[in-house]
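So the structure is just underneath, and the comments pick up after that.
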Amino acid sequence: VHRADVEKSLFKVLSYQAESAVAQGDFQKAVMCVQRCKDMLMKLPKETCYLSILCYNFGVETYERKRYEQMLRLLATTYFEWDCSQYLDKALGAVSLANQVVIFSLAEFTQLEMSLDFCLNTAKLLLEHGRESVGFDFLKSVPERFEFSPDLGKITLLHIEFLLQNKRELLAKQKIEEVIVGHYTGKQLLPEALNQLHIILWDRAAKHYEEKNYSEALHWYNYSVSFYTPGQIDQNLAKLQRNMASCYLHLKQVDKAKEAVKQAERCDPNSIFTKFSVYKIAVMENDTDKGTCSIYKMCFNSFQNDQQIVAIKALEYLSEHLQDCQQLFAALKRVSNHLFTSKLLYMGKILITFSYFWCQLSQFCPSDKAVLVAQKTCLLMAAAVDLEMGRQQVTPSEQVGQSLLTISECTSNPVSFAGDFAKDPTDTLLLLYEFEARSKLNDPTLHSLMESVWEQPQIEIKTLEIIASLAMEPPARYPVLCKKALKSALNLHRKQAVIDAVKFSKCLHSLINISLPTGLTDLDTCVLQEVWDYFEDALSVVSSTDAYPEMEILWLMTRAWNTGIFQYTVGKYKEAEQWCGLGMRFLNHLGALKKSYEDHVSVHRGI
1 VHRADVEKSL FKVLSYQAES AVAQGDFQKA VMCVQRCKDM LMKLPKETCY
51 LSILCYNFGV ETYERKRYEQ MLRLLATTYF EWDCSQYLDK ALGAVSLANQ
101 VVIFSLAEFT QLEMSLDFCL NTAKLLLEHG RESVGFDFLK SVPERFEFSP
151 DLGKITLLHI EFLLQNKREL LAKQKIEEVI VGHYTGKQLL PEALNQLHII
201 LWDRAAKHYE EKNYSEALHW YNYSVSFYTP GQIDQNLAKL QRNMASCYLH
251 LKQVDKAKEA VKQAERCDPN SIFTKFSVYK IAVMENDTDK GTCSIYKMCF
301 NSFQNDQQIV AIKALEYLSE HLQDCQQLFA ALKRVSNHLF TSKLLYMGKI
351 LITFSYFWCQ LSQFCPSDKA VLVAQKTCLL MAAAVDLEMG RQQVTPSEQV
401 GQSLLTISEC TSNPVSFAGD FAKDPTDTLL LLYEFEARSK LNDPTLHSLM
451 ESVWEQPQIE IKTLEIIASL AMEPPARYPV LCKKALKSAL NLHRKQAVID
501 AVKFSKCLHS LINISLPTGL TDLDTCVLQE VWDYFEDALS VVSSTDAYPE
551 MEILWLMTRA WNTGIFQYTV GKYKEAEQWC GLGMRFLNHL GALKKSYEDH
601 VSVHRGI
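Its first residue numbered 1, the sequence shown is counted upward by one per residue in full-length UniProt numbering.
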């Protein structure tokens, strides 16, 4: 009993849904609900009369709404289901009449004043609901009404689109060829419509390409090319030419592919896809130089577009498979030059790539003396890169530590530290890099490293001055090492046949600054004596040459005088008199500034 009640309730729900669908104009849903009710009549025979009346009312309501086609189709369905053999003619008559109603309605429809978009939407509805014959006939009639409309191209596009959807490719091609003829006879499509047509053409070509029907794909790409004027520069044209080149290559038509790529380079020379097309042609022609060059360009393009992983893979592949080392180094040199020119080397992402690459490249150097030097140079570059990255970081320990490992590998090279130290700039750079790395890491072995440096008989002044600078560069702070390096540099300056007064003055300035910090009054007597000797050295050089910078003489005079004043403030009057007297000795060597400072000193002397 319960099951019967459920089925009866379901029947009522379905009938209500059918009524609702008819009220909303949803003919298909109404038919579906009625059909389900009809299937339930075997179990609910008493509802047959109700369903019959309901369907009759639907027919009347459809008629009153002037939806004649739906009404006639319902009638045809009724005839078929009533008795197919007896009422076949009547059913066919109803269907035929329904079709005539649609055609008559369309004919009546075309006489009304409507917008182009309204007509296009009508055509779409017809074609999307399987009424191709009526829909295409309607589409053919629309252009006559909108002959002078600038949007006439929309009709053509819709026509082409539905021809292709219905697999009428030949008719679609004829329509496209008509558009191409119109393009050059004053009937151009609007830019928006033309772009849409290009999309349709490219989609069709891509479909044929996926099916490996390259000739047909070229046919559709050529339609697209037809809309571009000779010499036109456009990135889409470059992409189009690359696609055509790919088709030509599959068809083994290398000459045509080369011409297409040439056109692509003209339109978009910097595209990595264009460079890859060049590479593919080079491979087919066995042109090593051209292929290598294109790989290099793609690597550089990857660097520029933040694709370092891609660049690394390309460089690895190049180094593994390229037999000619000269070509490899030439390509690498070009990449390096470009990166330096565009100031990309100092960016972390580039530095990581180059550090890795230089280490990798060093592995490909065979073991003879000439290339061992090249190997050491590669490792030197890797160490330099890691150090540069360390300088840019707040906590540089990781990258600086990596630099130390690379330096260690480099110093184990058989040609490292062989021969004249002063004549090997690579070894000098390695020393400076190692000193910087160990000083930044606060390495306890730093002092033992420097013992070997002090013993070098021909170490350059410049090297010592750089060591002094690095010793005090944060986070490093090694004043003892800095002072020792500057003293060694000063001794070398003194040994010169002709002392360079400018360089000597700078070195002495730094040495006095590190030995006599500004603002300190309580200084050890030994320290003061040592600094006094530096001032005496300066006075000796100042007295022997006119090339000593006047501002440096003024600075020496001021430092000596101020040191005397500081001694005076702590009650060391004898020392104060000595230091002020030393300052007065520098006063005599001032040029244009002498008169001005004589007045100042006289005032202080009076006090």
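Don't be surprised by glycine CBs; every beta carbon is placed ideally from N, CA and C.
Go ahead and pull the three-state DSSP assignment for residue i.
i, result
"methionine 472", "coil"
"glutamine 111", "Since pLDDT at glutamine 111 reaches only 47, below the 50 mark, its modelled position is unreliable, and no value is offered."
"histidine 447", "helix"
"asparagine 270", "coil"
"asparagine 213", "coil"
"lysine 275", "helix"
"lysine 252", "coil"
"arginine 477", "coil"
"alanine 538", "helix"
"lysine 187", "coil"
"residue 625", "With the chain covering 1 to 607 only, the question about residue 625 has no answer from this structure."
"tyrosine 228", "coil"
"glycine 182", "helix"
"aspartate 500", "coil"
"threonine 42", "In the sequence as presented, threonine is not what sits at residue 42; that position holds methionine. Reduced to three states, the DSSP call for methionine 42 is coil."
"leucine 516", "coil"
"lysine 154", "helix"
"aspartate 26", "coil"
"glutamate 460", "coil"
"isoleucine 233", "coil"
"arginine 36", "helix"
"glutamate 455", "coil"
"residue 625", "Here the chain covers residues 1 to 607 and nothing more, so residue 625 does not appear."
"residue 637", "An answer regarding residue 637 cannot be provided, because it is not within the stretch 1 to 607 covered by the chain."
"leucine 441", "coil"
Shorter than 8 Å from the beta carbon of residue i to some beta carbon of chain C?
i, result
"isoleucine 466", "The question asks about chain C, but that chain is absent: this structure has only one protein chain."
In chain order, what residues of the same chain have a beta carbon less than 8 Å from the beta carbon of residue i, not counting five sequence neighbours either side?
i, result
"methionine 347", "Because methionine 347 sits at a pLDDT of 41, beneath the cut-off of 50, its placement in the model cannot be relied upon, and the following sentence gives the value as read from the coordinates. Around methionine 347: no qualifying Cβ."
"isoleucine 466", "Leu432"
"leucine 44", "Glu7, Lys8 and Phe11"
"leucine 470", "Leu432, Phe435, Glu436, Ser439 and Ala476"
"valine 254", "Tyr248, Ile281, Met284 and Glu285"
"histidine 493", "Ile461, Ile499, Asp500, Lys503, Phe504 and Cys507"
"leucine 446", "Phe435, Arg438, Ser439, Tyr478 and Leu481"
"glutamate 61", "Val22"
For residue i, which residues from the same chain have a beta carbon less than 6 Å from its beta carbon, with the 5 sequence-adjacent residues on both sides left out?
i, result
"alanine 468", "Cys482, Ala485 and Leu486"
"isoleucine 233", "Cys267"
"alanine 238", "Ala264, Cys267 and Asp268"
"serine 342", "Bear in mind that a pLDDT of 45 at serine 342, under 50, signals an unreliable position, so the model cannot answer this."
"leucine 556", "Ala538 and Phe586"
"leucine 464", "Ala485, Ser488 and Ala489"
Grab me the residues of residue i's own chain with a C-beta within less than 7 Å of its C-beta, minus the 5 sequence neighbours each way, in chain order.
i, result
"leucine 240", "Tyr221, Ser224 and Val225"
"valine 531", "Ile512, Ser515 and Leu516"
"asparagine 208", "Sequence inspection shows histidine at residue 208; the asparagine mentioned does not correspond to that position. So the qualifying residues of the chain are Glu216, Ala217 and Trp220."
"glutamate 473", "none"
"serine 367", "Reliability of the predicted coordinates at serine 367 is poor, the pLDDT of 49 falling under 50, and the value obtained from them is presented with this limitation in mind. Contacts found: none."
"leucine 490", "Cys507, Leu508 and Leu511"
"arginine 598", "Note that residue 598 corresponds to glutamate in the displayed sequence, not to arginine. Excluding residues within five positions, the ones whose Cβ falls inside 7 Å are Leu587."
"leucine 380", "Cys410, Thr426, Leu429 and Leu430"
Cβ-heavy atom distance between residue i and the ligand GDP below 7 Å?
i, result
"threonine 569", "The ligand GDP is not part of the structure shown, which contains no ligands of any sort."
Touching or not, the region 231-244 and the region 257-270, by the rule of three or more beta carbon pairs under 8 Å? yes
Evaluate contact between the region 554-566 and the region 581-592, counting only Cβ atoms and requiring at least three cross-stretch pairs below 8 Å. yes
Inter-stretch contact (C-beta, 8 Å, three-pair minimum) for the region 549-557 and the region 502-514: yes
Run through the region 543-605 for me and flag every whole beta strand (DSSP E) of 3 or more residues, listed as ranges in chain order. none
Pair every Cβ in the region 189-208 with every Cβ in the region 152-165, then say whether three or more of these pairs are closer than 8 Å. yes
Counting pairs of Cβ atoms below 8 Å between the region 4-11 and the region 41-59, do you hit three or more? yes
Using 8 Å as the Cβ pair cut-off and three pairs as the minimum, do the region 247-260 and the region 226-233 touch? no
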